[in-house]
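Undergrad:
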Amino acid sequence: MTVSDQPEQPTTQPVDAEVDAAVSSEAPQAAPAETGVEAPVQGAAPADEAVPADTTVATETSTSASEGSDVSAEATSSASEGVTTDEPAAPSPAPSPARVPTPAAMPKPPARPAPASPSAVPAPIAPPAGPPSNAATFGRVAEDGTVYVRTPDGEKAVGSYPGASSEEALAYFARKYDEMWAAAELLYHRVLQTSLSAKEATDDLAKLREHIGEANVVGDLPGLDAKVESIATAIEARRQVEATERAAARDQARTEREAIVAEAEQIAAQDPAKTQWKASGARIRELLDEWKKHQRSSVKLDRESENSLWQRFSAARNSFDKARRVYFAELESTQSEARAAKEKLVAEAEKLSTSKEWGPTAGAFKRLMDQWRKAGRAGRKEDDELWGRFKAAQDAFFNAKDEVSAEEDKEFRANLEVKEGLLEQARALLPIKDLGATKSALRTIQDKWDAAGKVPRSDMGRIEGELRKVEQAVRDAEDARWKKSNPEVNHRASAFAEQIERALEKENKALDKARASGDDKKIKAAEESLASRRALLEMVHKAQS
1 MTVSDQPEQP TTQPVDAEVD AAVSSEAPQA APAETGVEAP VQGAAPADEA
51 VPADTTVATE TSTSASEGSD VSAEATSSAS EGVTTDEPAA PSPAPSPARV
101 PTPAAMPKPP ARPAPASPSA VPAPIAPPAG PPSNAATFGR VAEDGTVYVR
151 TPDGEKAVGS YPGASSEEAL AYFARKYDEM WAAAELLYHR VLQTSLSAKE
201 ATDDLAKLRE HIGEANVVGD LPGLDAKVES IATAIEARRQ VEATERAAAR
251 DQARTEREAI VAEAEQIAAQ DPAKTQWKAS GARIRELLDE WKKHQRSSVK
301 LDRESENSLW QRFSAARNSF DKARRVYFAE LESTQSEARA AKEKLVAEAE
351 KLSTSKEWGP TAGAFKRLMD QWRKAGRAGR KEDDELWGRF KAAQDAFFNA
401 KDEVSAEEDK EFRANLEVKE GLLEQARALL PIKDLGATKS ALRTIQDKWD
451 AAGKVPRSDM GRIEGELRKV EQAVRDAEDA RWKKSNPEVN HRASAFAEQI
501 ERALEKENKA LDKARASGDD KKIKAAEESL ASRRALLEMV HKAQS
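In full-length UniProt numbering, the protein residues as written are 1 to 545.
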């Protein structure tokens, strides 16, 4: 390759556009790195060699060129020591970018205003992140200046660096390899040690592969390919971990969503007659909000599970809403019937409220109250209103009745005292000694009792009940006397007594026979039977007397 038009510009086959951009830049800057590749390490050497910040035109001073030549010689001395014609040794696994050479023959950029200092001083080159790698040992420089890299398939031309020594040319292309290795190493550690996702890592790896495929570098290319494959393996492992985590997260999300659906179905399956519709409706709305929040904040479920669970949840909501509509429609119908029935009862009660027929009207109100309980509920508001009217009519009647009863009780208090005295006289007739005299005295007491009149209502049951006890005792005595004087009864009793007496004769003979046998068991049985017969005969005789 000849250098005629641009004698001091490094080139590649085809000419490296990145180097062109670095040389032609007016401001001090680094040559562009490979597209899409992360910067290898912070503070590492730039992608292409840096142009000194204060370099001026070559005609201004020759001192800068001589100084640059000295710096170049220092930067490339270590690289020249490693160049051989034999096969290169294996590269180190994690090379660091090499220091950028600065050849003395580098073309100067267009003139720019000189700084305030009397002479321009080139900007210092950033120190390398680590010792130079042995990447240069994988290449050579031909006599015509072409730089070659050794690959498993043979040598491959990567470019040339006109105006630079062989060591500088190799160092330049080796440094580009080191930068790519550093970028690969950085991506590898990001995959293993950070939260970089498999998708982001895959995108970065694709950019790195694209850059490596387009780059012209000198270094251990198989080693770089192996590093790229190790990155791909690490990404695949990360992808599997993410898939496992996503599956676990989906299972957890499905379980949580299933719990929401199950509760909604449980609410929808309640007995309508026992359902608390307000609280249950509020809970259904809360579950819907939980569903929406879960969709936003949790991982997405697969479409089949999502649709299946939503259909169940939607069916539960629809079932609940339908049951609520049916329940309240039936309730409205039932309440309308109850309202109509209770309005009739209220109207009838209001008519009876002014009645003065205390007994019949009190019974009528009792029947109305029974019908009220059977009428059912008419709604809280309507029930309260109708019950207020019914109770007012009922109270009006019974208050009037109680007022009348109170006045009557004052009048009946003297009658009570009279009857208390008559009751003591009746009790004195017991026990009965002379039935005829007792009956005559009781009739006199009864006549006076009736003439005494009413007693207060609160004492009526007690006083009447005590007199009934005396009357019942007289009736019992009269019945007993009649039974004794009844001929037919006496005849039957005599006949029964004769039967017992004949049985006694037989029992006596049986006892004599048992005693003669000397059998204690038979003797005891005969004695017990005889005693039983004698007791029965005695009872019959008492009844006849």
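Note that the Cβ used here is the ideal one computed from N, Cα and C, for glycine as well. None of the values given here were measured: they were computed from a predicted structure.
May I have the straight-line CA-CA distance separating Thr-438 from Leu-416, to the nearest angstrom?
TA: Mapped onto the sequence shown, residue 438 falls at position 438. Mapped onto the sequence shown, residue 416 falls at position 416. Taking the straight line joining both Cα atoms gives about 24 Å.
Undergrad: Counting C-beta neighbours from all protein chains within 10 Å, is the total for Ala-244 16 or more, i.e. buried, or is it exposed?
TA: Your numbering for residue 244 matches position 244 in the sequence shown. Position check: residue 244 holds Thr in this sequence, whereas Ala was assumed. Burial call: exposed.
Undergrad: Who pairs with Val-474 in a beta bridge, going by DSSP?
TA: Mapped onto the sequence shown, residue 474 falls at position 474. Paired residue(s): none; Val-474 is not in a bridge.
Undergrad: Straight-line CA distance for Leu-196 to Arg-175?
TA: The sequence position of residue 196 within the sequence shown is 196, counting from 1. The sequence position of residue 175 within the sequence shown is 175, counting from 1. Rounded to the nearest angstrom, the two C-alpha atoms are 28 Å apart.
Undergrad: Only counting the same chain, and skipping five residues up and downstream in sequence, which positions put a Cβ closer than 8 Å to that of Val-158?
TA: Mapped onto the sequence shown, residue 158 falls at position 158. Excluding positions up to five away in sequence, the list reads Thr-12, Gln-13, Gly-139, Val-147, Tyr-148, Val-149, Phe-173, Asn-216, Val-217, Val-218.
Undergrad: What are the start and end residues of the alpha helix (DSSP H) that includes Val-191?
TA: Position 191 of the sequence shown, counted from the start, is the residue given in the question as residue 191. That run of the alpha helix (DSSP H) goes 166-193.
Undergrad: Note the first and the last residue of the continuous alpha helix (DSSP H) segment covering Arg-283.
TA: Working through the sequence shown from its first residue, we reach residue 283 at position 283. Following the DSSP letters along the chain, one finds Arg-283 inside the alpha helix (DSSP H) bounded by residues 277-297.
Undergrad: Between Leu-221 and the rest of its own chain, which residues show a CB-CB distance below 6 Å, the 5 nearest in sequence each way excluded?
TA: Within the sequence shown, residue 221 is the residue found at index 221, counting from 1. Excluding sequence neighbours, Leu-221 sits near Thr-151.
Undergrad: When you compare only the Cα positions, how much space is there between Arg-443 and Val-418?
TA: Here residue 443 refers to the residue found at position 443 when the sequence shown is read from its first residue. Here residue 418 refers to the residue found at position 418 when the sequence shown is read from its first residue. Roughly 16 Å separates the two Cα atoms.
Undergrad: Let me know the alpha helix (DSSP H) ranges lying completely inside the stretch 401-486, each 4 residues or longer, listed in chain order.
TA: 435-452, 457-484
Undergrad: What is the DSSP secondary structure of Glu-357, counted as helix, strand or coil?
TA: Taking the first residue of the sequence shown as position 1, residue 357 is located at position 357. Under the three-state reduction of DSSP, Glu-357 is assigned to coil, being neither helix nor strand.
Undergrad: Can you look up Leu-536 in the DSSP assignment and give me helix, strand or coil?
TA: As a first step, residue 536 must be located in the sequence shown, where it is residue number 536. Reduced to three states, the DSSP call for Leu-536 is helix.
Undergrad: Just how far apart, CA to CA, sit Glu-337 and Glu-343?
TA: Your numbering for residue 337 matches position 337 in the sequence shown. Your numbering for residue 343 matches position 343 in the sequence shown. Using only the alpha carbons, I get a separation of about 10 Å.
Undergrad: According to DSSP, is Glu-200 part of a helix, a strand, or is it coil?
TA: Position 200 of the sequence shown holds residue 200. Glu-200 falls in the helix class under three-state DSSP.
Undergrad: Suppose you measure from the CA of Phe-496 to the CA of Val-540; what does that come to, to the nearest Å?
TA: Working through the sequence shown from its first residue, we reach residue 496 at position 496. Working through the sequence shown from its first residue, we reach residue 540 at position 540. Their Cα atoms are separated by approximately 8 Å.
Undergrad: Within a Cβ cutoff of 6 Å, which residues of the same chain sit near Ile-432, ignoring the five residues on either side of it in sequence?
TA: Here the question's residue 432 lines up with position 432 in the sequence shown. Setting aside the 5 residues that flank it on each side, Ile-432 is surrounded in the same chain by Thr-438, Ala-477, each with a C-beta closer than 6 Å to its C-beta; the list follows chain order.
Undergrad: With a cut-off of 8 Å, do at least 3 Cβ pairs link the stretch 251-265 to the stretch 316-326?
TA: yes
Undergrad: Does DSSP put Gly-159 in a helix, in a strand, or in coil?
TA: Locating residue 159 in the sequence shown gives position 159, counting from the first residue. In the structure shown, Gly-159 sits in a strand (DSSP, three-state: E or B).
Undergrad: Have a look at Ile-260, Asp-302, Asp-271 and flag the residue whose alpha-carbon is nearest the alpha-carbon of Arg-283.
TA: As a working mapping, residue 283 is identified with position 283 in the sequence shown. Comparing Cα positions, the closest option is Ile-260.
Undergrad: Using only the alpha-carbon positions, how far apart do Asp-402 and Pro-456 sit?
TA: Numbered from its first residue, the sequence shown carries residue 402 at position 402. Numbered from its first residue, the sequence shown carries residue 456 at position 456. Asp-402 and Pro-456: Cα-Cα distance of roughly 12 Å.
Undergrad: Which residues in the same chain have their Cβ closer than 6 Å to the Cβ of Ala-323, if we skip the five residues on either side of it in sequence?
TA: Locating residue 323 in the sequence shown gives position 323, where the first residue counts as 1. Once the five neighbours on either side are set aside, the close Cβ partners of Ala-323 are Pro-272.
Undergrad: For Asp-520 and Lys-509, what's the separation of their Cα atoms in angstroms?
TA: Locating residue 520 in the sequence shown gives position 520, where the first residue counts as 1. Locating residue 509 in the sequence shown gives position 509, where the first residue counts as 1. Whole-angstrom Cα-Cα distance: 16 Å.
Undergrad: What are the residues that DSSP puts in a beta bridge with Arg-140?
TA: Working through the sequence shown from its first residue, we reach residue 140 at position 140. DSSP, once it has assigned bridges, lists Tyr-148 as partnering Arg-140.
Undergrad: Can you tell which of Val-241, Phe-313, Ile-212 has its C-alpha closest to the C-alpha of Val-228?
TA: By one-based count along the sequence shown, residue 228 stands at place 228. When each option's Cα is compared against that of Val-228, the closest is Ile-212.
Undergrad: Check whether the Cβ atoms of Ser-353 and Ala-396 lie closer than 7 Å to each other.
TA: In the sequence shown, counting from the first residue as 1, residue 353 sits at position 353. In the sequence shown, counting from the first residue as 1, residue 396 sits at position 396. Yes.
Undergrad: Check whether the stretch 294-302 touches the stretch 250-257, counting contact only when three or more Cβ pairs, one atom from each stretch, lie closer than 8 Å.
TA: yes
Undergrad: Assuming Ala-349 and Phe-365 are in contact, meaning their beta carbons sit under 8 Å apart, how far apart are those beta carbons, in whole angstroms?
TA: Within the sequence shown, residue 349 is the residue found at index 349, counting from 1. Within the sequence shown, residue 365 is the residue found at index 365, counting from 1. 7 Å between Cβ atoms; contact.
Undergrad: Given that a residue counts as buried once 16 or more other Cβ atoms are within 10 Å of its Cβ, and exposed if not, what is Asp-204?
TA: As a working mapping, residue 204 is identified with position 204 in the sequence shown. Its Cβ being crowded by 16 or more others within 10 Å, Asp-204 is buried.
Undergrad: Where do the N-terminal and C-terminal ends of the alpha helix (DSSP H) with Lys-344 fall, by residue?
TA: The sequence position of residue 344 within the sequence shown is 344, counting from 1. Looking at the DSSP string, the run of the alpha helix (DSSP H) that includes Lys-344 is 303-352.
Undergrad: From which residue to which residue does the alpha helix (DSSP H) around Arg-239 run?
TA: For this step, residue 239 is matched to residue 239 along the sequence shown. Residues 221-268.
Undergrad: Using 8 Å as the Cβ pair cut-off and three pairs as the minimum, do the stretch 518-538 and the stretch 501-508 touch?
TA: yes
Undergrad: Please list, in chain order, all residues of the same chain as Ala-535 whose beta carbon is under 7 Å from its beta carbon, the five residues on each side excluded.
TA: Taking the sequence shown and counting its residues from 1, one reaches residue 535 at position 535. None.
Undergrad: Helix, strand or coil for Gly-379, going by three-state DSSP, please let me know.
TA: Start at 1 with the first residue of the sequence shown, and residue 379 comes out as number 379. Gly-379 falls in the coil class under three-state DSSP.
Undergrad: Please state the DSSP three-state secondary structure of Gly-213.
TA: Taking the sequence shown and counting its residues from 1, the one referred to as residue 213 is at position 213. Helix, per DSSP.
Undergrad: For Met-369, does the count of other Cβ atoms within 10 angstroms reach 16, so buried, or fall short, so exposed?
TA: Position 369 of the sequence shown holds residue 369. Its Cβ having fewer than 16 others within 10 Å, Met-369 is exposed.
Undergrad: Does DSSP classify Gly-363 as helix, strand or coil?
TA: As a first step, residue 363 is located in the sequence shown; it is residue number 363 there, counting from the start. Here Gly-363 sits in helix by DSSP.
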